[in-house]
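Comments concern the structure below.
In the working numbering, the protein residues as written are 1 to 276.
Right under this line is the structure:
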């Protein structure tokens, strides 16, 4: 049951980074209620820790269709004006984990599709050459990385109005920076994240008129030890592959120094500005 109390919402909660954020919020014991959203029917959180720290942990299931997202946001009406944090952790780069697991993945970041049957989805992998671009694959990445986060920002708008300051963090990526693109490749993923960044920046302008106490940030977590990065970890320099726990701690520390200036920011795991 939802309480009218300070709340955090974590969307895409089965992903590695999202799970670490939940654990960190519970450990910090400064949020009274946490709502997790994922495709999984059961959330594998440390429920005993939540009880011990008197955190009301509620889990909701979504297939990330527009209807499902709208229904969940309607059910969140009791916490209108009490939301202090929203973390949107959906995203996709490849589906190698999906294929290896015969359509079943333990990570939200890999399982997000409009259909629950991942075996019928197109093969997703970062393109190295123009000839590798596939329209269906590109569309799938745009759906996961751009459209789904925007549907959440759209539906959450009415819940965020009021005096309560709220920070919305959307997981992005440095490769979505247009001015920082010096290597090329990864066409679909880059484009989907660049589009996401533009939509975040545009949403912040509208929120500045309609939900004035909301701060929006696009967050680049760095290369994190999750299913998303596993096929590429052999290329990561020593000391640059981060644990999900480290990334969650860094993000919540960054939150403490943010200015509610009604402008979107694109920040990395160090709190440094990434060029749009």
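Even for Gly, the Cβ is constructed at its ideal location relative to N, Cα and C.
Computed from a predicted structure; not experimentally measured.
### Query
Which stretch, first to last residue, makes up the beta strand (DSSP E) that contains residue 166?
Taken as a continuous stretch (DSSP letters only), the beta strand (DSSP E) holding residue 166 covers 166-171.
### Message
Considering only their Cβ atoms, is the gap separating residue 260 from residue 292 smaller than 8 Å?
### Response
Residue numbering for the chain in the displayed model covers 1 to 276; residue 292 lies beyond these limits and cannot be assessed.
### Query
In terms of residue numbering, what span does the beta strand (DSSP E) encompassing residue 60 cover?
It spans 56-61 - the beta strand (DSSP E) in which residue 60 sits, taken as one unbroken run.
### Task
Count the other CB atoms, across all protein chains shown, that sit within 10 Å of the CB of residue 3; report buried if there are 16 or more and exposed otherwise.
Taking all protein chains shown into account, residue 3 has fewer than 16 neighbouring C-beta atoms within 10 Å of its C-beta and is therefore exposed.
### Uninterrupted alpha helix (DSSP H) stretches inside the segment 172-250 (no shorter than 4 residues)
DSSP runs (the alpha helix (DSSP H)) wholly in the segment 172-250: 187-210.
### Query
Along the chain, where does the alpha helix (DSSP H) that runs through residue 8 open and close?
Careful: residue 8 lies outside any alpha helix (DSSP H), inside the beta strand (DSSP E) at 7-11.
### Query
Going by other Cβ atoms of all chains shown within 10 Å of its Cβ, with 16 needed for buried, is residue 144 buried or exposed?
So residue 144 ends up on the buried side.
### Query
residue 163: which of 153, 213, 206, 130 sits nearest, CA to CA?
Comparing alpha-carbon positions, the option among 153, 213, 206, 130 lying closest to residue 163 turns out to be 213.
### Query
Is there a Cβ from chain B that is less than 8 Å from the Cβ of residue 37?
Included in the structure is just one protein chain, with no chain B present.
### Query
By DSSP, does residue 88 sit in helix, in strand, or in coil?
In the structure shown, residue 88 sits in a strand (DSSP, three-state: E or B).
### Task
Put residue 15 into one of helix, strand or coil per three-state DSSP.
Coil at residue 15, not helix or strand.
### Task
State the start and end residues of the unbroken alpha helix (DSSP H) segment that holds residue 137.
Taken as a continuous stretch (DSSP letters only), the alpha helix (DSSP H) holding residue 137 covers 135-142.
### Task
Let me know the secondary structure DSSP gives residue 30 once reduced to three states.
DSSP places residue 30 outside both helix and strand once states are collapsed to three, so it counts as coil.
### Query
Using CA coordinates, which residue listed in 244, 34, 75 is at the minimum distance from residue 159?
Considering only alpha carbons, the answer is 75.
### Message
Looking at residue 172: is its Cβ nearer than 8 Å to the Cβ of residue 218?
### Response
Contact annotation: residue 172 and residue 218 have beta-carbon atoms nearer than 8 Å.
### Cross-strand partners of residue 268 (DSSP beta bridge)
Listed as beta-bridge partners of residue 268 by DSSP are 220.
### For residue 35, the residue or residues it bridges with in DSSP
Paired residues: 9, 58.
#### Entry: Contact the segment 242-256 vs the segment 193-208: 3+ CB pairs below 8 Å
Not touching, per the Cβ criterion.
### Pairwise C-alpha distance: residue 235 and residue 202
Residue 202 and residue 235: Cα-Cα distance of roughly 34 Å.
### Query
So which of 210, 208, 209, 240 has the shortest CA-CA distance to residue 223?
With distances taken between Cα atoms, residue 223 lies closest to 240.
### Task
Using only alpha-carbon positions, find the residue among 177, 66, 73 that is nearest to residue 10.
Distance from the Cα of residue 10 is smallest, within the candidate group 177, 66, 73, for 73.
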